[in-house]
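First the structure, in the form of structure tokens, and then the observations on it.
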Ligand code: URA
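If you want it as structure tokens, here you go:
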């Protein structure tokens, strides 16, 4: 017989947990048999002692088994993308319809934002009428007819993770690579996609602040995917400065539409196409050129169908803010840095994000960047536009932005895609 206290002691003393112990403890915790304080102690022991790749694969498997697996009957190869979260990261919006227009199916079950990075569903909900909650039948139909679905993850996927994540949040055990990796991959594997591309971000606006941490997380994610039979690739990408020129909800949708119509900021286009290439390679469609498909307008057409299928009006005007505050360049020079974390926190304070899961977001809140690092700026010219419906939020946003913009003589050249890590 397995007892929770023995599992805790084994990990506390640096031992290796067996597959049987892991399956038991995760299942018993989900059913309420293992108490919150016992799981808290085990999570801390894992945080301090780590887990090897076999233990991580078993832990992920046990979290998947705590709930249902979506079984999608789809007439094309399925492939999904997951980002570890960044500021201005609206890439899912152009990427899902682009990859669908290239011939694969993208089942993207997403979450809402909490903290300084926005959630994909919050962004899409700024489109009038758009509906996040779909049944499994609706997901399957949309994947077969259009090829792309972005919708809310159902409560039945990896319930152990939902419970454990809430516990980690209040016990100082979030920042553990084995626990982060198993949390992300349990949800993605349960979603049933055959291939998965991970966008693992590094820099001030990311979860993993250094490239070394991000690389370790990326390798762990790829190992878990491979161990569970999901073809997995990870891209290590830069998140020191926001992606694109829009941070928020409606403003990010507008920027995604610009990209789908053949325009948009160069960094958003570059990352969308780079991720699409990796997804198409995993889907067995390496010969399709996503840049050409994007330029043809086919991805925009798929976007309109994807939005309309979920009751959204792709042509409707997006919500506009009641108040706009312009931040001007204080001096002449080159914008040498614009810190992603500060911009994320400022957008969040303007109302684009939420402090608690149940809070609403302001669809029109956010920040528009008039200049990106490397741009020459002139004193008095607009640098940032702060959008909000609640003007009393502006001082807090300005406080978050203090020191975030550096004007100098030059900006360092930074590669957006730093590395690609492929499964074997
Ligand atoms: N995102 C997740 O889904 N889980 C974590 O543990 C951290 C980030």
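Numbering (the numbering used here), first residue to last: 22 to 445. Where a beta carbon is used, it is the ideal one built from N, C-alpha and C, also for glycine.
Checklist entry - In whole angstroms, what separates the C-alpha of residue 370 from that of residue 76? => result Their Cα atoms are separated by approximately 40 angstroms.
Item to check | Coil, strand or helix - residue 357 by DSSP | outcome: Reduced to three states, the DSSP call for residue 357 is strand.
Item to check | Own chain partners of residue 222 with C-beta closer than 6 angstroms, once the 5 adjacent residues on each side are dropped | outcome: Taken in chain order, the residues that qualify are 105, 107, 258 and 260.
Next on the checklist: Classify residue 381: buried if its beta carbon has 16 or more other beta carbons within 10 angstroms, exposed otherwise.
Outcome noted: Exposed: under 16 other Cβ atoms inside 10 Å.
Item to check | Residue from 196, 132 and 282 whose Cα sits closest to the Cα of residue 173 | outcome: Among 196, 132 and 282, the Cα nearest to that of residue 173 belongs to 132.
Item to check | Inter-residue CB distance, residue 55 and residue 25 (contact presumed, cutoff 8 angstroms) | outcome: Indeed, because the Cβ distance is near 5 angstroms, the residues count as touching under 8 angstroms.
Checklist entry - Would you call residue 190 buried or exposed, if buried means 16 or more other Cβ atoms sit within 10 Å of its Cβ? => result Classification for residue 190: exposed.
Checklist entry - Excluding five sequence neighbours on each side, which residues of the same chain lie with their C-beta closer than 6 angstroms to the C-beta of residue 319? => result Excluding residues within five positions, the ones whose Cβ falls inside 6 angstroms are 122.
Checklist entry - Whole alpha helix (DSSP H) runs in the region 228-303 with 4 or more residues, listed along the chain? => result You should have 232-248, 271-281 and 287-303.
Checklist entry - Exposed or buried, residue 338, counting other C-beta atoms within 10 Å across all chains shown (16 or more means buried)? => result Residue environment for residue 338: exposed (fewer than 16 other C-beta atoms within 10 angstroms of its C-beta).
Item to check | Identified DSSP bridge partners for residue 17 | outcome: Nothing can be reported for residue 17: it is not among the residues displayed for the chain, which extend from 22 to 445.
Checklist entry - How about residue 79 and residue 40: do their beta carbons lie closer than 8 angstroms? => result Yes, the pair counts as a contact, with Cβ atoms nearer than the cut-off.
Item to check | Backbone CA spacing between residue 215 and residue 287 [nearest angstrom] | outcome: Taking the straight line from one Cα to the other gives about 30 angstroms.
Item to check | alpha helix (DSSP H) segment containing residue 327, residue limits | outcome: Looking at the DSSP string, the run of the alpha helix (DSSP H) that includes residue 327 is 319-330.
Checklist entry - Quick one: complete beta strand (DSSP E) runs, 3+ long, within the region 129-197? => result The beta strand (DSSP E) runs of length 3 or more contained entirely in the region 129-197 are, from start to end of the chain, 169-173.
Next on the checklist: Spatial neighbours of residue 327 within its chain, please: C-beta separation below 6 angstroms, excluding the five flanking residues on both sides.
Outcome noted: Only residues of its own chain outside the window of five on either side were considered, and among them 118, 167 and 169 have a CB closer than 6 angstroms to the CB of residue 327, listed in chain order.
Item to check | Terminal residues of the alpha helix (DSSP H) in which residue 120 lies | outcome: Segment 113-122, the alpha helix (DSSP H) holding residue 120.
Item to check | Same chain, Cβ closer than 6 angstroms to residue 375, five either side skipped, listed in chain order | outcome: Correct list, in chain order: 382.
Checklist entry - Which one of 281, 388, 423 and 32 has the shortest CA to CA distance from residue 312? => result It is 281 whose Cα lies nearest to the Cα of residue 312.
Checklist entry - Between residue 415 and residue 276, what straight-line distance do the alpha-carbon atoms span, to the nearest angstrom? => result So the two alpha carbons sit approximately 23 angstroms from each other.
Checklist entry - Taking three-plus beta-carbon pairs below 8 angstroms as touching, is the region 392-404 in contact with the region 292-306? => result Not touching, per the Cβ criterion.
Next on the checklist: Nearer than 7 angstroms: is that true of the beta carbon of residue 195 relative to any heavy atom of the ligand URA?
Outcome noted: Residue 195: yes, Cβ under 7 angstroms from the ligand URA.
Next on the checklist: Under 8 angstroms, Cβ to Cβ, is there at least one residue of chain C near residue 265?
Outcome noted: Looking at the structure shown, chain C is missing, and only one protein chain is on hand.
Checklist entry - Terminal residues of the continuous alpha helix (DSSP H) containing residue 415? => result Where residue 415 is concerned, the enclosing alpha helix (DSSP H) starts and stops at 415-421.
Checklist entry - For residue 397, which of helix, strand or coil comes out of DSSP? => result Residue 397 falls in the strand class under three-state DSSP.
Next on the checklist: Considering only heavy atoms of the ligand URA, does any lie closer than 7 angstroms to the CB of residue 205?
Outcome noted: Between the ligand URA and the CB of residue 205, the shortest heavy atom gap is smaller than 7 angstroms.
Checklist entry - Starting from residue 387 and walking both ways along the alpha helix (DSSP H), at which residues does that stretch end? => result It is not in any alpha helix (DSSP H) - residue 387 instead sits in the beta strand (DSSP E) that spans 387-390.
Checklist entry - If you draw a straight line from the alpha carbon of residue 434 to that of residue 405, how long is it in whole angstroms? => result Cα to Cα, the separation comes out at about 22 angstroms.
Checklist entry - At which residues does the alpha helix (DSSP H) containing residue 81 begin and terminate? => result Unbroken alpha helix (DSSP H) run through residue 81: 74-86.
Item to check | Supposed close pair residue 358, residue 427 - CB separation, criterion 8 angstroms | outcome: With a Cβ gap of about 4 angstroms, residue 358 and residue 427 count as contacting.
Checklist entry - So residue 309 is in the alpha helix (DSSP H); what residue range does that whole segment cover? => result Careful: residue 309 lies outside any alpha helix (DSSP H) and carries neither H nor E.
Next on the checklist: So residue 152 and residue 331 are supposed to be a Cβ contact under 8 angstroms. How far apart are they, rounded?
Outcome noted: Going by Cβ atoms, the distance from residue 152 to residue 331 rounds to 5 angstroms, so yes, they are a contact pair.
Next on the checklist: When you compare the CB positions of residue 139 and residue 373, do they come within less than 8 angstroms of one another, or not?
Outcome noted: Yes; because the gap between Cβ atoms is below 8 angstroms, this pair is in contact.
Next on the checklist: One question on the structure: do residue 262 and residue 361 come within less than 8 angstroms of each other, judged by their Cβ atoms?
Outcome noted: The answer is yes: Cβ separation under 8 angstroms.
Checklist entry - Would the beta-carbon of residue 200 be found less than 7 angstroms away from any heavy atom of the ligand URA? => result Checking every heavy atom of the ligand URA against the Cβ of residue 200, one is found closer than 7 angstroms.
Item to check | Distance between beta carbons of residue 81 and residue 206, contact taken as under 8 angstroms | outcome: Between residue 81 and residue 206 the Cβ distance is about 5 angstroms, and since that is below 8 angstroms, they are a contact.
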